[in-house]
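Structure first, commentary second.
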Amino acid sequence: MAATPGLLVMRIEVAGKSSHSSMRGRMLCRPSTTEAVAASAIDRGFVIYQALRRLESDWAVTKFDPLFEPGHFTLAPGVVDGGARHSRSGAFIPDSMSMVYAVFHPPGEDQAVVRKEIEGHIAHVAATDPWLRAHPPVVEWPLRYPGSRVDATHPPRAAVTDARELAAVDTPLAGRPPVAAFPSAADSTWLCAAGVPAVGLGPGELAMAHAYDERCAVD
Numbered sequence: 341m342a343a344t345p346g347l348l349v350m351r352i353e354v355a356g357k358s359s360h361s362s363m364r365g366r367m368l369c370r371p372s373t374t375e376a377v378a379a380s381a382i383d384r385g386f387v388i389y390q391a392l393r394r395l396e397s398d399w400a401v402t403k404f405d406p407l408f409e410p411g412h413f414t415l416a417p418g419v420v421d422g423g424a425r426h427s428r429s430g431a432f433i434p435d436s437m438s439m440v441y442a443v444f445h446p447p448g449e450d451q452a453v454v455r456k457e458i459e460g461h462i463a464h465v466a467a468t469d470p471w472l473r474a475h476p477p478v479v480e481w482p483l484r485y486p487g488s489r490v491d492a493t494h495p496p497r498a499a500v501t502d503a504r505e506l507a508a509v510d511t512p513l514a515g516r517p518p519v520a521a522f523p524s525a526a527d528s529t530w531l532c533a534a535g536v537p538a539v540g541l542g543p544g545e546l547a548m549a550h551a552y553d554e555r556c557a558v559d
């Protein structure tokens, strides 16, 4: 595995205004941003969610790398949480919603540029919504992994490939091993960032990682 994508963890906080749930009809009919009886943070949060889905669809055709499968670079929502801060109950209009995303981008992209692109998209969409325009979402970036790549000319990449081929002689895995990208973040990226070329080598299907009954085939 000669490359890793860049990974950013993004948290978005959306604020609303709580009231009794019976006020939803009045809220929908009188959506004033200054004197609103209530504003659902969940309704407004899903405005941002849908906007990020559209951006993700754009990325599927605009962001690519020869070592990665088409469409690999995504904005993946992993956590959605919302409700009234003082009571988790259907009796209240929610005044808080948070979303946590894993953002995968091509290894060669500057993470500051990626953050600016996403934040600009969120700000543009928020500006079209009366409540969000007056109460902008808060975007935070609590974790990052820069992307990495080790070119075919680097000796460590060739050495690992040769060793894997030699180890597999007279086995069902004999032959020159494929060279691909690791689909997610890996600690090798920090070695690469420090100027030490590092590649990954290992068995298993990544779809089984972080999954129920996580396992690796014996073969």
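Numbered per the working numbering, the sequence shown spans residues 341 to 559.
In this text, a Cβ means the ideal position worked out from N, Cα and C, and glycines have one as well.
Just so you know, these numbers come straight off a predicted model, no measurement behind them.
- Task: Starting from the C-beta of residue 462, find all residues in its chain whose C-beta is less than 8 Å away, skip the five residues before and the five after it, and write them out in chain order.
- Result: By one-based count along the sequence shown, residue 462 stands at place 122. The beta carbon of residue 462 lies closer than 8 Å to those of 352, 388, 391, 392, 477 and 479 in the same chain, with the five residues before and after it left out.
- Item | Under the three-state DSSP convention, the category residue 426 falls into | The residue labelled residue 426 in the question sits at position 86 within the sequence shown. Residue 426: coil per DSSP, three-state reduction.
- Message: Between 473, 348 and 399, which has its C-alpha nearest residue 443's C-alpha?
- Response: As a position in the sequence shown, residue 443 is number 103, starting the count at 1. Checked all of 473, 348 and 399; the closest Cα to residue 443 is 348.
- Query: From which residue to which residue does the beta strand (DSSP E) around residue 347 run?
  - Reply: Within the sequence shown, the letter at position 7 stands for residue 347. Residue 347 -> beta strand (DSSP E) spans 346-355.
- Taking residue 474 as the reference, give the member of 342, 354 and 485 with the closest Cα. To locate residue 474, count along the sequence shown from 1; it is residue 134. Answer by Cα proximity: 354.
- Query: Around the C-beta of residue 360, are 16 or more other C-beta atoms found within 10 angstroms, so that it is buried, or is it exposed?
  - Reply: Stepping through the sequence shown from its first residue, residue 360 is reached at position 20. Residue burial is scored here from C-beta neighbours: residue 360 has fewer than 16 other C-beta atoms within 10 angstroms and is therefore classed as exposed.
- List the endpoints of the continuous beta strand (DSSP E) containing residue 439. On the sequence shown, residue 439 is found 99 positions in, with the first residue counted as 1. Counting along the chain, the beta strand (DSSP E) containing residue 439 begins and ends at 436-445.
- Task: Buried or exposed for residue 528, please, with buried defined as at least 16 other CB atoms from any protein chain shown within 10 angstroms of its CB.
- Result: Translated into the one-based positions of the sequence shown, residue 528 becomes position 188. With 16 or more Cβ atoms within 10 Å of its Cβ, residue 528 is classed as buried.
- Query: How big is the Cα-Cα spacing for residue 343 and residue 543?
  - Reply: The count along the sequence shown starts at 1 and reaches residue 343 at position 3. The count along the sequence shown starts at 1 and reaches residue 543 at position 203. Using only the alpha carbons, I get a separation of about 16 Å.
- Message: Checking the sheet assignment: what are the DSSP bridge partners for residue 419?
- Response: The count along the sequence shown starts at 1 and reaches residue 419 at position 79. Within the DSSP secondary-structure output, residue 419 pairs in a beta bridge with 440.
- What are the boundary residues of the beta strand (DSSP E) that residue 401 is part of? Taking the sequence shown and counting its residues from 1, one reaches residue 401 at position 61. From DSSP, residue 401 is part of no beta strand (DSSP E) but of the alpha helix (DSSP H) over 381-402.
- Task: Determine the direct distance from the alpha carbon of residue 521 to that of residue 498, and round the result to whole angstroms.
- Result: Your numbering for residue 498 matches position 158 in the sequence shown. Your numbering for residue 521 matches position 181 in the sequence shown. Spanning the two alpha carbons is a distance of roughly 15 Å.
- Message: Using a 10 Å radius around the Cβ and a threshold of 16 neighbouring Cβ atoms, would you call residue 358 buried or exposed?
- Response: Walking along the sequence shown from the start, residue 358 turns up at place 18. Buried, since its Cβ has 16 or more Cβ neighbours within 10 Å.
- Just confirm the distance between the C-beta atoms of residue 560 and residue 515, as a whole number of angstroms; I'd bet it's less than 8 Å. Residue 560 lies beyond the stretch modelled for the chain, which goes from 341 to 559, so this question has no answer here.
- Range covered by the alpha helix (DSSP H) that runs through residue 500: The residue labelled residue 500 in the question sits at position 160 within the sequence shown. 495-507 is the span of the alpha helix (DSSP H), which, as asked, contains residue 500.
- Report the option in 518, 466, 447 and 464 whose CA atom is closest to the CA atom of residue 484. Working through the sequence shown from its first residue, we reach residue 484 at position 144. When only C-alpha atoms are compared, the closest one is 447.
- Message: Pop quiz: residue 422 and residue 458 are said to be a contact at Cβ under 8 Å. What is the actual Cβ separation, rounded to whole angstroms?
- Response: On the sequence shown, position 82 is the one that residue 422 refers to. On the sequence shown, position 118 is the one that residue 458 refers to. Between residue 458 and residue 422 the Cβ distance is about 20 Å, and since that is not below 8 Å, they are no contact.
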